[in-house]
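Number of protein chains: 2
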Amino acid sequence: MFIMKKEDPRSLRSKRVLKEAVFSLLAENQDVTQLTVQKITNCAELNRATFYLHYEDINDLLRHIVHEIFGELSMKVEPLLKSPRSDEYEQLVAFLDCIYDYRKFFAVLVEHPGFKMSLSNLLKKTIQARRDAKGADLPPKLVSIDIIGASLLGIIIWWVKDGIQFSSEYVAGQIGLLYKKE
Amino acid sequence: MFIMKKEDPRSLRSKRVLKEAVFSLLAENQDVTQLTVQKITNCAELNRATFYLHYEDINDLLRHIVHEIFGELSMKVEPLLKSPRSDEYEQLVAFLDCIYDYRKFFAVLVEHPGFKMSLSNLLKKTIQARRDAKGADLPPKLVSIDIIGASLLGIIIWWVKDGIQFSSEYVAGQIGLLYKKE
DNA sequence: CTATTTTATCGACATTACGTCAATAAAACA
DNA sequence: TGTTTTATTGACGTAATGTCGATAAAATAG
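Those protein sequence lines, which keep their order, are chains F and H.
Note that the working numbering has the first sequence beginning at 275, numbered continuously upward.
Note that the working numbering has the second sequence beginning at 275, numbered continuously upward.
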């Protein structure tokens with residue numbers, strides 16, 4: 275059994291309102307670099323000193339937010355890979371749909387150190403899982419996971435930042451056109 | 275005729291040493307965000323107030339640096355496209371070699387707003403020029419320049435940041451494996 | 001060479017954000 | 001109910017910012 279030391283509800287609430295404040299400010303400002311502890315605690319209606327009871331600095335808070343978002347995202351992505359229908363295009367569209375749900379946060383959080391790594395890791399994990407599922411049905415000359423991951427990362431960052439008017443289907447179609455079949 | 279108002283040599287020197295100071299500091303710190311006006315002017319052996327005679331703020335200075343680097347880079351890339359030998363692999367290797375020359379600055383400047391746009395523009399211009407050169411010899415279904423540009427941008431950023439141990443030839447080879455032929 | 005203009009230097013100022021602290025108040029828990 | 005934990009408040013020193021005026025030094029024009 276795991277013993278969960280239940281956290282003080284005030285502590286949980288403070289952390290929650292601080293995160294909500296960041297989301298709220300990012301929705302207004304559209305710029306991570308303009309965040310200050312003062313703005314965040316004002317928006318959260320907490321004292322500035324309270325911030326430091328829960329987070330080291332703004333980057334620490336952003337790290338936690340990014341970590342939670344990718345936790346959710348991973349949970350959504352995982353069942354896609356185990357899905358019986360293995361149509362690559364449909365899998366890709368479903369994957370992109372998950373990202374689309376977070377596009378607003380992604381477009382601003384992408385500037386935060388650690389975000390790209392998290393997304394890159396998720397992408398590489400996903401690609402590897404797909405390769406594992408295909409087993410021996412793979413061509414001999416494989417492109418490095420790093421390269422495919424970096425390429426997809428670039429396309430997704432472009433999508434959420436500058437091309438959000440395009441649908442998941444369009445992007446998936448373009449990726450299909452661009453890459454050789456594995 | 276263009277009349278070039280010749281700038282005061284002291285002004286030119288100040289701007290030069292400020293830029294050199296940035297390069298010097300980036301080579302040590304490896305982090306754009308840690309730069310301060312004080313550090314830059316200390317390193318340049320200028321007064322802090324002098325900085326503000328030439329640049330609005332640190333981002334303004336970085337913008338000028340990025341602009342100059344991409345000016346040089348464009349000059350190097352252009353003749354590659356007009357080269358008689360049109361082997362795609364060799365063209366790509368030559369292009370990547372140009373980038374490799376700047377890898378240290380790229381790895382840190384990549385975090386600066388405006389850098390990615392400059393690199394993306396160069397990539398897209400280059401891809402378009404290659405398509406123009408091929409003329410009617412292109413397949414009907416073309417991938418959007420934005421998508422290819424974003425993909426290449428992702429790969430190059432990964433390369434200069436995390437994969438600089440790989441050669442231009444390796445990366446060009448991987449890109450050849452990854453993409454369908456145009 | 002001299003006079004004028006331009007630039008750099010120096011010290012100072014107000015402002016903002018940071019990170020920390022101690023004393024007190026309020027909430028949660030046992 | 002009493003103890004522990006957390007939040008509030010106000011304050012402190014630090015660092016970096018952007019600006020200013022007076023002075024010194026360099027460059028340019030006559």
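Virtual Cβ for every residue (Gly too), placed ideally from N, Cα, C.
A quick note: this is a predicted structure, and the numbers were derived from the prediction, not measured.
| message | Whole angstroms are fine: how far does the CA of Glu330 of chain F sit from the CA of Ser442 of chain H? | response | Between the alpha carbons of Ser442 of chain H and Glu330 of chain F lies a distance of about 41 Å.
| said: Using CA atoms only, rank isn't needed, just tell me which of H:Met391, H:Lys408 and H:Arg337 is closest to Leu426 of chain H. | reply: Ranking the options by Cα distance to Leu426 of chain H, first place goes to H:Met391.
| request: Report yes if the C-beta distance between Lys398 of chain H and Ile373 of chain H is below 7 Å; otherwise report no. | output: Judged by their CB atoms, Lys398 of chain H and Ile373 of chain H are not nearer to each other than the 7 Å cut-off.
| said: Can you tell me which residues form a DSSP beta bridge with Tyr453 of chain F? | reply: According to DSSP, Tyr453 of chain F bridges with H:Tyr453.
| query | What's the call for Leu327 of chain F, buried or exposed, on a 16-neighbour Cβ count within 10 Å? | reply | The residue is exposed, with fewer than 16 neighbouring Cβ atoms inside 10 Å.
| Supposed contact pair Ile421 of chain F and Gln365 of chain H - C-beta distance, whole angstroms, cut 8 Å | Not a contact, Cβ separation roughly 19 Å.
| said: Please tell me whether Ala318 of chain F and Ala295 of chain F are closer than 7 Å, where the distance is taken between their beta carbons. | reply: If you check the CB distance, Ala318 of chain F and Ala295 of chain F come in under 7 Å.
| query | When you compare only the Cα positions, how much space is there between Met275 of chain H and Glu281 of chain H? | reply | Because the pLDDT at Met275 of chain H is just 49, under 50, the model does not fix this residue reliably, and the point stays unresolved.
| For Phe440 of chain F, which of helix, strand or coil comes out of DSSP? | It is coil, neither helix nor strand.
| request: State buried or exposed for Ser285 of chain F, treating a residue as buried only when at least 16 other CB atoms are found within 10 Å of its CB. | output: Counting Cβ neighbours within 10 Å, Ser285 of chain F comes out exposed, since fewer than 16 surround it.
| task | Please report the residue range of the alpha helix (DSSP H) in which Gln365 of chain F lies. | result | Looking at the DSSP string, the run of the alpha helix (DSSP H) that includes Gln365 of chain F is Glu362 to Asp375.
| Chain-ordered neighbours of Leu427 of chain H on chain F, where CB pairs are closer than 8 Å | Correct list: Gly428 and Trp432.
| Local Cβ density within 10 Å of Ile277 of chain H, reported as buried at 16 or more and exposed below that | The pLDDT assigned to Ile277 of chain H is 48, lower than 50, so where the model puts this residue is not dependable; a value taken from the coordinates is nonetheless given after this. Per the 10 Å Cβ criterion, exposed.
| Below-7 Å beta-carbon distance, Gln308 of chain H vs any chain F residue | Output row for Gln308 of chain H: interface = no.
| request: State the Cα-Cα distance for the pair Asn333 of chain H and Thr310 of chain H, rounded to the nearest angstrom. | output: Using only the alpha carbons, I get a separation of about 11 Å.
| query | What separation, rounded to the nearest whole angstrom, lies between the Cα atoms of Phe325 of chain F and Leu292 of chain F? | reply | Those two C-alpha atoms are separated by around 8 Å.
| query | With a Cβ-Cβ cutoff of 7 Å, do Lys454 of chain F and Lys454 of chain H count as a contact? | reply | Going by C-beta atoms, Lys454 of chain F is nearer than 7 Å to Lys454 of chain H.
| Taking the C-alpha atoms as reference points, what is the distance between Gly437 of chain H and Arg405 of chain H? | Cα to Cα, the separation comes out at about 28 Å.
| Would you call the CB atoms of Leu354 of chain F and Val445 of chain F closer than 7 Å? | Going by beta carbons, Leu354 of chain F and Val445 of chain F fall outside the 7 Å limit.
| field | Between the CA atoms of Ala424 of chain F and Lys313 of chain H - distance to the nearest angstrom | value | Cα-Cα distance, rounded: 34 Å.
| By the criterion of Cβ-Cβ separation under 8 Å, what are the contact partners of Gln448 of chain F in chain H? | For a Cβ distance threshold of 8 Å, residue set Val417, Ser418 and Ile421 of chain H lies close to Gln448 of chain F, ordered along the chain.
| Excluding five sequence neighbours on each side, which residues of the same chain lie with their C-beta closer than 7 Å to the C-beta of Lys435 of chain H? | Cβ neighbours of Lys435 of chain H beyond the five flanking positions: Ala381 and Val384.
| field | Nearest-angstrom Cα separation, counted from His386 of chain F out to Thr315 of chain F | value | About 20 Å.
| Would you say Lys356 of chain F faces chain H, with C-beta separation under 7 Å as the test? | Chain H contact via Cβ: absent.
| said: Residues of chain H with CB closer than 7 Å to the CB of Ala381 of chain F, please, in chain order. | reply: In chain order: nothing, as chain H lies at least about 13 Å away.
| For Gly437 of chain H, which residues in chain F fall below 7 Å Cβ to Cβ? | Listed along chain F are Asp420, each with a C-beta nearer than 7 Å to that of Gly437 of chain H.
| request: Measuring only between beta-carbons, confirm whether Leu370 of chain F sits less than 7 Å from chain H. | output: Under the Cβ criterion of 7 Å, Leu370 of chain F is not counted among the residues facing chain H.
| Leu452 of chain F: contacting residues in chain H (beta-carbon distance under 7 Å) | Contact annotation for Leu452 of chain F against chain H: Val417, Ile421, Ile422, Ser425, Tyr453 and Lys454 [CB-CB distance below 7 Å, chain order].
| query | Skipping 5 residues on each side, what residues in its chain have a beta carbon closer than 7 Å to that of Phe344 of chain H? | reply | Scanning its chain for C-beta atoms nearer than 7 Å, with the 5 sequence neighbours on each side dropped, one finds around Phe344 of chain H the residues Ser392 and Leu396, in chain order.
| Which value, in whole angstroms, describes the spacing of the CA atoms of Leu452 of chain H and Ile430 of chain H? | Those two C-alpha atoms are separated by around 14 Å.
| message | Taking the alpha carbon of Val340 of chain F as the reference point, which residue from F:Asp361, F:Ala407, F:Tyr376 and F:Asp305 has its own alpha carbon closest? | response | Comparing Cα positions, the closest option is F:Tyr376.
| query | To which residues of the same chain is Phe440 of chain H closer than 8 Å at the C-beta, ignoring the five residues directly before and after it? | reply | Once the five neighbours on either side are set aside, the close Cβ partners of Phe440 of chain H are Trp433.
| task | Spatial neighbours of Leu335 of chain F within its chain, please: CB distance less than 6 Å, with the 5 preceding and 5 following residues excluded, ordered by chain position. | result | Same-chain partners within the cutoff: Tyr329.
| query | In chain order, what residues of the same chain have a beta carbon less than 7 Å from the beta carbon of Ala407 of chain F, not counting five sequence neighbours either side? | reply | Result list for Ala407 of chain F: Leu355, in chain order.
| message | Quick check: is the beta carbon of Met275 of chain H nearer than 7 Å to any beta carbon in chain F? | response | Because Met275 of chain H sits at a pLDDT of 49, beneath the cut-off of 50, its placement in the model cannot be relied upon, and the following sentence gives the value as read from the coordinates. Answer no: the Cβ-Cβ gap between Met275 of chain H and chain F never drops below 7 Å.
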